[in-house]
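Okay, so the sequence shown: first residue is 1 according to full-length UniProt numbering, each after it adds one.
Backbone N, C-alpha and C define an ideal beta-carbon position, used for all residues, glycine too.
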Amino acid sequence: MSGDHEHEGGKRKPAYRFSTSVDIDLLKEIVDVCPHSAPHGQTAARWEEVGNNMRRIHGEAISATGCRKRYDDLMAALQKGTLKSLRASGTEEQCSTREQLLQDLAGMVDLITERKRAVKDEKYKKTLKHEVDIQLVKDAVLKGVKRKSKEADADTGDHKRKAADTDVGTVPKGLKRKAADGDTSLSAIPDPQTLQPEPVNGYSGKEPKDMKTSTDDDMGVGGDGGQTPPSQLHSTTSVQEAADIVCAFTAMMENSNKLKMEELAVQKEANDIAQRKLELEELRYLLDKAEREARFALEQRERQGQLEFMHGALETLRALAKSLLPKND
(Lines of atoms letter the chains of each structure in order from A; the text may use other names.)
(Lines give C-alpha, C1' and ligand atoms only; values in the text may rest on other atoms or scores of the structure.)
Protein backbone atom coordinates (compact mmCIF):
# COMPACT_ATOMS: atom_id res chain seq x y z
CA MET A 1 0.00 0.00 0.00
CA SER A 2 2.61 2.52 -1.10
CA GLY A 3 -0.12 5.02 -1.97
CA ASP A 4 -0.76 5.62 1.73
CA HIS A 5 2.84 6.70 2.36
CA GLU A 6 4.06 8.40 -0.84
CA HIS A 7 3.08 11.46 -2.86
CA GLU A 8 2.91 11.48 -6.62
CA GLY A 9 6.48 12.83 -6.72
CA GLY A 10 7.80 9.83 -4.81
CA LYS A 11 8.22 11.58 -1.43
CA ARG A 12 7.05 9.78 1.68
CA LYS A 13 4.07 11.19 3.52
CA PRO A 14 4.70 12.29 7.07
CA ALA A 15 3.72 9.67 9.64
CA TYR A 16 0.40 10.24 11.34
CA ARG A 17 0.84 11.57 14.87
CA PHE A 18 -1.45 9.74 17.26
CA SER A 19 -2.83 11.69 20.19
CA THR A 20 -4.27 10.25 23.39
CA SER A 21 -7.85 10.71 22.16
CA VAL A 22 -7.00 8.97 18.86
CA ASP A 23 -5.37 6.15 20.83
CA ILE A 24 -8.60 5.71 22.79
CA ASP A 25 -10.64 5.52 19.58
CA LEU A 26 -8.14 3.04 18.11
CA LEU A 27 -8.27 0.78 21.17
CA LYS A 28 -12.08 0.87 21.16
CA GLU A 29 -12.11 -0.18 17.49
CA ILE A 30 -9.67 -3.01 18.23
CA VAL A 31 -11.90 -4.22 21.06
CA ASP A 32 -14.93 -4.05 18.76
CA VAL A 33 -13.35 -5.75 15.70
CA CYS A 34 -11.00 -8.02 17.71
CA PRO A 35 -8.39 -8.97 15.07
CA HIS A 36 -6.72 -11.40 17.49
CA SER A 37 -9.72 -13.76 17.39
CA ALA A 38 -9.80 -13.89 13.58
CA PRO A 39 -9.53 -17.31 11.91
CA HIS A 40 -6.28 -18.33 10.27
CA GLY A 41 -5.52 -16.12 7.28
CA GLN A 42 -8.08 -13.39 8.12
CA THR A 43 -6.07 -11.30 10.61
CA ALA A 44 -4.92 -8.82 7.95
CA ALA A 45 -8.52 -8.31 6.81
CA ARG A 46 -9.57 -7.54 10.40
CA TRP A 47 -6.82 -4.94 10.74
CA GLU A 48 -7.87 -3.44 7.42
CA GLU A 49 -11.38 -3.11 8.85
CA VAL A 50 -9.93 -1.30 11.88
CA GLY A 51 -8.07 1.06 9.53
CA ASN A 52 -11.22 1.78 7.51
CA ASN A 53 -13.18 2.60 10.67
CA MET A 54 -10.42 4.90 11.90
CA ARG A 55 -10.28 6.67 8.53
CA ARG A 56 -14.01 7.37 8.74
CA ILE A 57 -13.46 8.99 12.14
CA HIS A 58 -10.13 10.84 11.77
CA GLY A 59 -9.59 11.21 8.02
CA GLU A 60 -7.67 9.49 5.25
CA ALA A 61 -4.24 10.05 6.79
CA ILE A 62 -4.55 6.95 8.97
CA SER A 63 -3.66 3.54 7.51
CA ALA A 64 -4.30 0.02 8.75
CA THR A 65 -0.54 -0.58 8.98
CA GLY A 66 -0.11 2.55 11.08
CA CYS A 67 -2.93 1.49 13.39
CA ARG A 68 -1.36 -1.92 13.91
CA LYS A 69 2.08 -0.44 14.57
CA ARG A 70 0.63 2.06 17.04
CA TYR A 71 -1.14 -0.73 18.90
CA ASP A 72 2.09 -2.75 19.08
CA ASP A 73 3.95 0.30 20.43
CA LEU A 74 1.28 0.96 23.06
CA MET A 75 1.22 -2.68 24.17
CA ALA A 76 5.03 -2.81 24.37
CA ALA A 77 5.05 0.41 26.43
CA LEU A 78 2.42 -1.06 28.78
CA GLN A 79 4.47 -4.21 29.33
CA LYS A 80 7.67 -2.20 29.91
CA GLY A 81 5.94 0.33 32.17
CA THR A 82 6.83 3.28 29.93
CA LEU A 83 3.32 4.19 28.84
CA LYS A 84 3.52 7.65 30.43
CA SER A 85 6.43 8.53 28.16
CA LEU A 86 4.08 8.28 25.15
CA ARG A 87 1.87 11.02 26.54
CA ALA A 88 1.95 13.79 23.95
CA SER A 89 -1.37 15.43 24.75
CA GLY A 90 -4.54 14.73 26.62
CA THR A 91 -5.81 14.98 30.13
CA GLU A 92 -5.03 12.71 33.04
CA GLU A 93 -8.45 11.11 32.68
CA GLN A 94 -7.78 10.29 29.00
CA CYS A 95 -4.43 8.72 29.87
CA SER A 96 -6.09 6.61 32.56
CA THR A 97 -8.78 5.53 30.07
CA ARG A 98 -6.12 4.56 27.53
CA GLU A 99 -4.19 2.54 30.09
CA GLN A 100 -7.36 0.78 31.26
CA LEU A 101 -8.28 -0.11 27.67
CA LEU A 102 -4.78 -1.47 27.08
CA GLN A 103 -4.97 -3.62 30.20
CA ASP A 104 -8.37 -4.96 29.15
CA LEU A 105 -7.02 -5.71 25.67
CA ALA A 106 -3.97 -7.48 27.13
CA GLY A 107 -6.22 -9.70 29.24
CA MET A 108 -8.48 -10.40 26.26
CA VAL A 109 -5.52 -11.30 24.03
CA ASP A 110 -4.13 -13.65 26.69
CA LEU A 111 -7.52 -15.34 27.01
CA ILE A 112 -7.85 -15.73 23.22
CA THR A 113 -4.30 -17.10 22.97
CA GLU A 114 -4.95 -19.62 25.75
CA ARG A 115 -8.21 -20.69 24.11
CA LYS A 116 -6.52 -21.16 20.72
CA ARG A 117 -3.77 -23.19 22.35
CA ALA A 118 -6.34 -25.39 24.10
CA VAL A 119 -8.25 -25.93 20.85
CA LYS A 120 -5.01 -26.73 19.03
CA ASP A 121 -3.99 -29.23 21.72
CA GLU A 122 -7.43 -30.84 21.59
CA LYS A 123 -7.25 -31.13 17.79
CA TYR A 124 -3.75 -32.61 18.06
CA LYS A 125 -4.97 -35.18 20.59
CA LYS A 126 -7.93 -36.12 18.37
CA THR A 127 -5.67 -36.38 15.31
CA LEU A 128 -3.15 -38.50 17.20
CA LYS A 129 -5.89 -40.78 18.53
CA HIS A 130 -7.37 -41.12 15.03
CA GLU A 131 -3.94 -42.00 13.62
CA VAL A 132 -3.46 -44.61 16.36
CA ASP A 133 -6.85 -46.16 15.55
CA ILE A 134 -6.00 -46.26 11.84
CA GLN A 135 -2.63 -47.85 12.60
CA LEU A 136 -4.31 -50.51 14.74
CA VAL A 137 -6.71 -51.32 11.91
CA LYS A 138 -3.82 -51.47 9.44
CA ASP A 139 -1.88 -53.81 11.72
CA ALA A 140 -4.92 -56.07 12.10
CA VAL A 141 -5.49 -56.16 8.34
CA LEU A 142 -1.82 -56.85 7.56
CA LYS A 143 -1.73 -59.58 10.20
CA GLY A 144 -4.82 -61.20 8.67
CA VAL A 145 -3.36 -60.97 5.17
CA LYS A 146 -0.10 -62.57 6.27
CA ARG A 147 -1.95 -65.35 8.06
CA LYS A 148 -4.14 -65.99 5.00
CA SER A 149 -1.07 -66.07 2.75
CA LYS A 150 0.64 -68.63 4.98
CA GLU A 151 -2.46 -70.81 5.14
CA ALA A 152 -2.93 -70.58 1.36
CA ASP A 153 0.69 -71.63 0.80
CA ALA A 154 0.24 -74.54 3.22
CA ASP A 155 -2.98 -75.65 1.47
CA THR A 156 -1.27 -75.47 -1.92
CA GLY A 157 1.67 -77.57 -0.68
CA ASP A 158 -0.65 -80.19 0.84
CA HIS A 159 -2.65 -80.38 -2.38
CA LYS A 160 0.50 -80.89 -4.47
CA ARG A 161 1.76 -83.62 -2.15
CA LYS A 162 -1.60 -85.41 -2.20
CA ALA A 163 -1.73 -85.19 -6.00
CA ALA A 164 1.77 -86.68 -6.25
CA ASP A 165 0.88 -89.50 -3.86
CA THR A 166 -2.29 -90.21 -5.87
CA ASP A 167 -0.32 -90.35 -9.14
CA VAL A 168 2.19 -92.77 -7.66
CA GLY A 169 -0.47 -94.97 -6.05
CA THR A 170 -2.57 -95.41 -9.22
CA VAL A 171 0.00 -97.11 -11.50
CA PRO A 172 -1.71 -100.07 -13.31
CA LYS A 173 -0.80 -103.54 -12.09
CA GLY A 174 0.12 -104.76 -15.58
CA LEU A 175 2.58 -101.87 -15.93
CA LYS A 176 4.12 -102.71 -12.58
CA ARG A 177 4.44 -106.41 -13.50
CA LYS A 178 6.04 -105.72 -16.88
CA ALA A 179 8.37 -103.19 -15.36
CA ALA A 180 9.38 -105.79 -12.81
CA ASP A 181 10.09 -108.25 -15.63
CA GLY A 182 12.45 -105.71 -17.18
CA ASP A 183 10.29 -104.66 -20.14
CA THR A 184 10.66 -100.88 -20.28
CA SER A 185 9.62 -100.31 -23.87
CA LEU A 186 6.62 -98.22 -24.90
CA SER A 187 4.83 -101.42 -25.92
CA ALA A 188 4.88 -102.48 -22.30
CA ILE A 189 2.50 -99.63 -21.40
CA PRO A 190 -1.04 -100.95 -21.74
CA ASP A 191 -3.90 -99.06 -23.28
CA PRO A 192 -5.91 -97.31 -20.52
CA GLN A 193 -9.15 -98.29 -22.26
CA THR A 194 -8.23 -102.00 -22.06
CA LEU A 195 -7.41 -101.85 -18.39
CA GLN A 196 -10.08 -103.45 -16.23
CA PRO A 197 -9.97 -103.88 -12.49
CA GLU A 198 -9.38 -107.46 -11.40
CA PRO A 199 -12.34 -109.09 -9.71
CA VAL A 200 -12.00 -109.61 -6.01
CA ASN A 201 -14.17 -112.40 -4.58
CA GLY A 202 -16.45 -112.24 -7.57
CA TYR A 203 -16.81 -108.46 -7.47
CA SER A 204 -15.83 -106.83 -10.72
CA GLY A 205 -15.12 -103.40 -9.14
CA LYS A 206 -17.79 -101.66 -11.22
CA GLU A 207 -20.47 -99.61 -9.56
CA PRO A 208 -23.18 -97.33 -10.89
CA LYS A 209 -22.00 -93.86 -11.88
CA ASP A 210 -24.66 -92.16 -9.77
CA MET A 211 -23.83 -94.19 -6.69
CA LYS A 212 -22.11 -92.27 -3.88
CA THR A 213 -21.47 -93.50 -0.41
CA SER A 214 -22.80 -91.67 2.57
CA THR A 215 -19.29 -91.62 4.01
CA ASP A 216 -18.04 -89.59 1.05
CA ASP A 217 -20.89 -87.11 1.42
CA ASP A 218 -20.34 -86.76 5.13
CA MET A 219 -16.58 -86.22 4.80
CA GLY A 220 -16.84 -83.81 1.88
CA VAL A 221 -15.13 -86.24 -0.49
CA GLY A 222 -16.20 -86.37 -4.12
CA GLY A 223 -17.17 -89.43 -6.07
CA ASP A 224 -13.66 -89.72 -7.54
CA GLY A 225 -12.09 -89.95 -4.09
CA GLY A 226 -10.87 -86.30 -4.11
CA GLN A 227 -11.25 -83.89 -1.21
CA THR A 228 -12.72 -80.36 -1.08
CA PRO A 229 -10.82 -78.04 -3.46
CA PRO A 230 -8.23 -75.75 -1.77
CA SER A 231 -9.86 -72.68 -3.40
CA GLN A 232 -13.05 -73.34 -1.43
CA LEU A 233 -11.07 -73.76 1.78
CA HIS A 234 -9.15 -70.57 1.03
CA SER A 235 -12.42 -68.67 0.44
CA THR A 236 -13.83 -69.91 3.75
CA THR A 237 -10.63 -68.87 5.54
CA SER A 238 -10.77 -65.41 3.93
CA VAL A 239 -14.35 -64.89 5.09
CA GLN A 240 -13.42 -65.95 8.60
CA GLU A 241 -10.42 -63.60 8.63
CA ALA A 242 -12.58 -60.70 7.41
CA ALA A 243 -15.12 -61.44 10.13
CA ASP A 244 -12.35 -61.47 12.75
CA ILE A 245 -11.03 -58.13 11.50
CA VAL A 246 -14.51 -56.58 11.59
CA CYS A 247 -15.05 -57.90 15.13
CA ALA A 248 -11.68 -56.53 16.24
CA PHE A 249 -12.40 -53.14 14.68
CA THR A 250 -15.86 -53.05 16.27
CA ALA A 251 -14.40 -53.86 19.68
CA MET A 252 -11.76 -51.19 19.23
CA MET A 253 -14.38 -48.58 18.31
CA GLU A 254 -16.49 -49.58 21.30
CA ASN A 255 -13.49 -49.12 23.57
CA SER A 256 -12.78 -45.76 21.95
CA ASN A 257 -16.38 -44.64 22.47
CA LYS A 258 -16.25 -45.82 26.06
CA LEU A 259 -13.09 -43.81 26.69
CA LYS A 260 -14.68 -40.78 25.03
CA MET A 261 -17.76 -41.09 27.24
CA GLU A 262 -15.56 -41.31 30.31
CA GLU A 263 -13.63 -38.26 29.14
CA LEU A 264 -16.88 -36.35 28.63
CA ALA A 265 -18.06 -37.39 32.08
CA VAL A 266 -14.83 -36.12 33.63
CA GLN A 267 -15.12 -32.87 31.66
CA LYS A 268 -18.74 -32.47 32.81
CA GLU A 269 -17.69 -33.01 36.39
CA ALA A 270 -14.95 -30.40 35.99
CA ASN A 271 -17.47 -27.97 34.50
CA ASP A 272 -19.85 -28.60 37.40
CA ILE A 273 -17.04 -27.93 39.86
CA ALA A 274 -16.13 -24.72 38.02
CA GLN A 275 -19.78 -23.66 38.01
CA ARG A 276 -20.04 -24.36 41.72
CA LYS A 277 -16.84 -22.43 42.34
CA LEU A 278 -18.25 -19.49 40.37
CA GLU A 279 -21.44 -19.59 42.42
CA LEU A 280 -19.42 -19.63 45.63
CA GLU A 281 -17.33 -16.71 44.40
CA GLU A 282 -20.50 -14.77 43.62
CA LEU A 283 -21.91 -15.60 47.06
CA ARG A 284 -18.69 -14.49 48.72
CA TYR A 285 -18.81 -11.24 46.76
CA LEU A 286 -22.38 -10.64 47.93
CA LEU A 287 -21.38 -11.38 51.53
CA ASP A 288 -18.41 -9.03 51.29
CA LYS A 289 -20.64 -6.38 49.80
CA ALA A 290 -23.19 -6.77 52.61
CA GLU A 291 -20.38 -6.64 55.16
CA ARG A 292 -18.97 -3.47 53.63
CA GLU A 293 -22.40 -1.86 53.57
CA ALA A 294 -23.02 -2.81 57.20
CA ARG A 295 -19.60 -1.48 58.22
CA PHE A 296 -20.22 1.72 56.29
CA ALA A 297 -23.62 2.18 57.97
CA LEU A 298 -22.06 1.58 61.39
CA GLU A 299 -19.27 4.06 60.73
CA GLN A 300 -21.82 6.55 59.45
CA ARG A 301 -23.85 6.22 62.69
CA GLU A 302 -20.70 6.62 64.74
CA ARG A 303 -19.75 9.76 62.85
CA GLN A 304 -23.28 11.08 63.21
CA GLY A 305 -23.13 10.45 66.96
CA GLN A 306 -19.78 12.19 67.19
CA LEU A 307 -21.14 15.17 65.27
CA GLU A 308 -24.17 15.36 67.54
CA PHE A 309 -21.95 15.12 70.62
CA MET A 310 -19.67 17.87 69.33
CA HIS A 311 -22.70 20.01 68.44
CA GLY A 312 -24.13 19.54 71.95
CA ALA A 313 -20.78 20.34 73.55
CA LEU A 314 -20.50 23.44 71.41
CA GLU A 315 -23.96 24.61 72.48
CA THR A 316 -23.06 24.01 76.13
CA LEU A 317 -19.86 26.02 75.78
CA ARG A 318 -21.71 28.81 74.04
CA ALA A 319 -24.33 28.96 76.83
CA LEU A 320 -21.58 28.89 79.46
CA ALA A 321 -19.78 31.70 77.73
CA LYS A 322 -22.92 33.81 77.66
CA SER A 323 -23.45 33.26 81.36
CA LEU A 324 -19.91 34.24 82.24
CA LEU A 325 -19.87 37.43 80.21
CA PRO A 326 -20.80 40.54 82.26
CA LYS A 327 -24.19 41.92 81.55
CA ASN A 328 -24.36 45.46 80.25
CA ASP A 329 -26.58 47.79 82.29
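For residue i, the first and last residue of its enclosing alpha helix (DSSP H)
i, result
"S21", "20 to 33"
"E60", "Looking at the DSSP string, E60 is not in any alpha helix (DSSP H), and its letter there is neither H nor E."
"R68", "64 to 80"
C-beta atoms of residue i and residue j nearer than 8 angstroms
i, j, result
"M75", "L101", "no"
"L78", "A106", "yes"
"Y16", "A61", "yes"
"F18", "R70", "yes"
"E92", "M54", "no"
"C67", "G51", "yes"
"E241", "R117", "no"
"L83", "E99", "yes"
Residue closest to residue i, alpha-carbon to alpha-carbon, out of the options
i, options, result
"A38", "C67, V109, E99", "V109"
"N255", "A64, L136, I273, G305", "L136"
"D139", "L286, M252, L283", "M252"
"H58", "L26, V132, Y124", "L26"
"D104", "V31, L298, K260, L287", "V31"
Close beta carbons around residue i, own chain, < 6 angstroms, minus the five adjacent residues each side
i, result
"R318", "none"
"E308", "none"
"D36", "First, the amino acid is wrong: residue 36 is His here, not Asp. Result list for H36: V109, I112, in chain order."
"residue 330", "Limits of the chain in this structure are 1 at one end and 329 at the other, which puts residue 330 out of reach."
"E114", "none"
"E49", "V33"
"K268", "none"
Cβ shell of residue i (< 7 angstroms), same chain only, five flanking positions each side left out
i, result
"Q94", "T20, S21, I24"
Check: residue i C-beta below 7 angstroms from any heavy atom of the ligand NAP
i, result
"T82", "This structure lacks the ligand NAP; in fact it carries no ligand of any kind."
Same chain only: Cβ atoms within 8 angstroms of residue i, ignoring 5 sequence neighbours per side
i, result
"G305", "none"
"E282", "none"
"L325", "none"
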